[in-house]
Ligand code: OOG
Ligand code: MG
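Numbering (our numbering), first residue to last: 881 to 1140.
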């Protein structure tokens, strides 16, 4: 059954169409099984030649939990095909109902993270940190009214992401400074969503801590070299052709995309 549900979502992705939420068919879908559906969906993508390059945390801010009416952090998987280049033109072709949100990304260094870690250990395990934006695109009708198992099964709405071309040495930051980053996402030069990085689980580094906890509970590790998106600091904004979106984080730099 799980494989069948994964196939439904995978065809929706490939055919750019919305499908009914899975819990309409399987009302008692459990979160564990939802992660198994996510795993199967990722296997389909890997079989098509995509490579795993990281993980994203989602629903790590109050703004996002309220926007989606969902209660706890979840993770999704990032592949090389999802990554856009900083400043690149992003075409809406082949997208269902994409939204963009401001994030912070960490690059895990040469050693994998296994088991539970503290925020300090998580920070020390990083080799890079940068400003980032995630483009979500749920495969569910209206991008709304889904439950936690639905969103997890759908790879936590992961679709695309972009990292700033400026990646910093995390040694320049301590935990306190990482909670005070000012994040301003602009559309055509006007700020539309602004927040401090503390909106992300109190500190974006805590997203790595939470990710390790969930991975550990599933018997998995956070691989060396992974990109980790910490989750959006604010609500997501719908993408419209012609808009230029730029996230500015004064101490980190900026990252942008032009929507076509
Ligand atoms: C779920 C994914 C949320 C974030 O950064 O909070 C997320 C959704 O909003 O569809 O990626
Ligand atoms: Mg996100």
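All residues carry an ideal CB built from backbone N, CA and C; glycine is no exception.
Check your understanding: Taking the beta strand (DSSP E) that residue 986 falls in, what are its first and last residues?
Key -> 979-988
- Task: Would you mind sorting residue 896 into buried or exposed? The rule is 16 or more other CB atoms within 10 Å of its CB.
- Result: Using a 10 angstroms sphere on the CB of residue 896, the tally of other CB atoms stays under 16, which defines it as exposed.
- Among all residues, which have a Cβ less than 7 Å from at least one non-hydrogen atom of the ligand GTP, and in what chain order do they fall? Absence of the ligand GTP is noted for the structure shown, with the ligand OOG and the ligand MG being the only ligands found.
Measuring from the CB of residue 1018, is there a heavy atom of the ligand OOG at a distance below 8 Å? yes
Review point. Should residue 978 and residue 1127 be called a contact, given that it needs their Cβ atoms to be closer than 9 Å?
Key: no
Open item on the list: At the level of alpha carbons, what is the spacing between residue 910 and residue 903?
Closed with: 10 Å
Backbone secondary structure at residue 1136 - three-state DSSP:
strand
Check: To the nearest angstrom, how far is it from the Cα of residue 1033 to the Cα of residue 1129?
Finding: Spanning the two alpha carbons is a distance of roughly 32 Å.
Problem set entry | Alpha-carbon to alpha-carbon, residue 1031 and residue 881 | 17 Å
Can you tell me which residues form a DSSP beta bridge with residue 1070? 1067
Query raised in the report: From what residue to what residue does the alpha helix (DSSP H) around residue 922 run?
Result: 911-927
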